[in-house]
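Residues 1333 to 1658 in our numbering are what the sequence shown spells out, letter by letter.
Positions of the beta carbon are idealized from the N, C-alpha and C atoms, including for glycine.
Below is one structure, written out as structure tokens; comments come after it.
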Amino acid sequence: MQHTLDQPLLEIDHLTRVFLSRQGLSVTRLEAVDDASLTLTAGKPEIYALAGESGSGKTTLARMVLGLERPSEGTLNYKGRSVGELSARDKRTWFYKEVQPVFQDPFATFSPMKRIDSYLYETARNYQVAKGADVDKRIDEALRVVGLTLAEVRGRYPNELSGGQAQRVSIARALITRPSLLVADEPVSMLDASLRMSILNLFKDLRDKEGVAVLYITHDLATAYYTADRIGVMLRGWIVETGPVERVLGSPLHPYTQLLKSSVPQADPDKAWSAEPTLAPRPVTFPVSGGCKFAARCPKVMDRCRVEIPASYEAEGRSVKCFLYA
């Protein structure tokens, strides 16, 4: 597939995914992703973090990028081609090679009854990345990128690996096809703190040395700040603030991003809380469509916030979906 550097690697434009739930005669409409837009450039690989609370739509957006969910509205293009319009053959022979997932729980990825190297050989055969003796070479190359070798994992079962090793094998499996984009959904949340840094540093090495872009899905602002080049903060399907991670998390503009940052405990005894943190309460009922989704919790709410949907405004080097910056 021909691709030019003036085309974005990934272009998401006004993407929406609606789920309908029926109970008797009533139908509930849930907009899991609502009018979301973001772009990953093709010229220089980057790590883009999607951050937010559970239920904010991060994983649903990731599943659409992976081609596992179809958008209800909007466009999703990879290297200039609409993912939803790809044929089954193009998905199998091109797209699934180019865009690879890394999931949250490495041990859920592998069956405990199956040797872990068998998954690596299956991936190499299914995507026809090499033939004959070159298969071993390609698998070993991918494992060496993550700090392992084929000799170390050959014949071993998942329970014989640590959590960090299993996640590294999972990443190596994704690298066998030489992808341009990894979609990593909470890839370190199941690991203890001592292993998280090694995986996060690995993503940075993949960006810098292998030229692989990463869409990093997380609820952890600290790991997003450490790892990402840019970040999009999600709230109930909206991307409410996006831009360079140092600006968005260093000096957040959207009241929701400010709330998220202030709710993160600081490991500093000189800045210990003197009282319970004051967080805006979650509403029992959400506002009807037509207003800002954060209006019921926002300390800076204005009358128009309850009846109008804010656009995304450019302010201080980032995009903010808030009337404060209109």
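Of the other Cβ atoms in all chains shown, fewer than 16 fall within 10 Å of the Cβ of P1444; this residue is therefore exposed. Taking a cut-off of 8 Å on C-beta distances, the stretch 1468 to 1478 touches the stretch 1506 to 1513, as three or more cross pairs fall below it. The alpha-carbon of P1377 is positioned some 11 Å away from that of P1340. According to the DSSP secondary-structure assignment, R1413 is paired through a beta bridge with Y1410.
Going by C-alpha positions, A1374 is about 38 Å away from G1487.
Taking 4 residues as the shortest admissible run, the stretch 1364 to 1412 contains the following complete alpha helix (DSSP H) segments, listed from N- to C-terminal end: 1390 to 1397. Beta-bridge partners assigned by DSSP to R1361: L1352.
The beta-carbon separation of V1520 and R1528, rounded to 4 Å, stays under the 8 Å limit for a contact. L1372 sits away from T1574, with the two beta carbons spaced by 8 Å or more. Considering only A1554, R1562 and V1633, the residue with the shortest C-alpha distance to S1594 is A1554.
DSSP, reduced to helix, strand and coil, places S1530 within a helical segment of the structure shown. The criterion of a C-beta distance shorter than 8 Å is satisfied by G1622 and V1639. In this structure, P1490 lies near I1448, with their beta-carbon atoms less than 8 Å apart.
Residue burial annotation: Q1460 is exposed, with fewer than 16 other C-beta atoms found within 10 angstroms of its C-beta. Under the three-state reduction of DSSP output, I1508 falls in the coil class, being neither helix nor strand. DSSP lists no bridge partner for D1524. Beta-bridge pairing by DSSP links P1576 to R1562.
When the Cα atoms are used, F1626 and P1642 turn out to be separated by approximately 11 Å. Here K1653 is buried. Its C-beta has 16 or more other C-beta atoms within 10 Å. Taking a cut-off of 8 Å for Cβ pairs, the stretch 1426 to 1433 and the stretch 1385 to 1405 touch, as three or more such pairs fall below it. Between A1504 and V1478, the C-beta gap is smaller than 8 Å, which places the two residues in contact. Counting only residues of its own chain and dropping the five nearest sequence neighbours on each side, F1655 has a CB closer than 8 Å to the CB of C1624, M1634, R1636, C1637, E1640 and P1642.
Under the DSSP definition of a beta bridge, D1345 partners with T1407. For G1384, the closest C-alpha among the options Q1590, L1408, S1644 and P1631 is that of Q1590.
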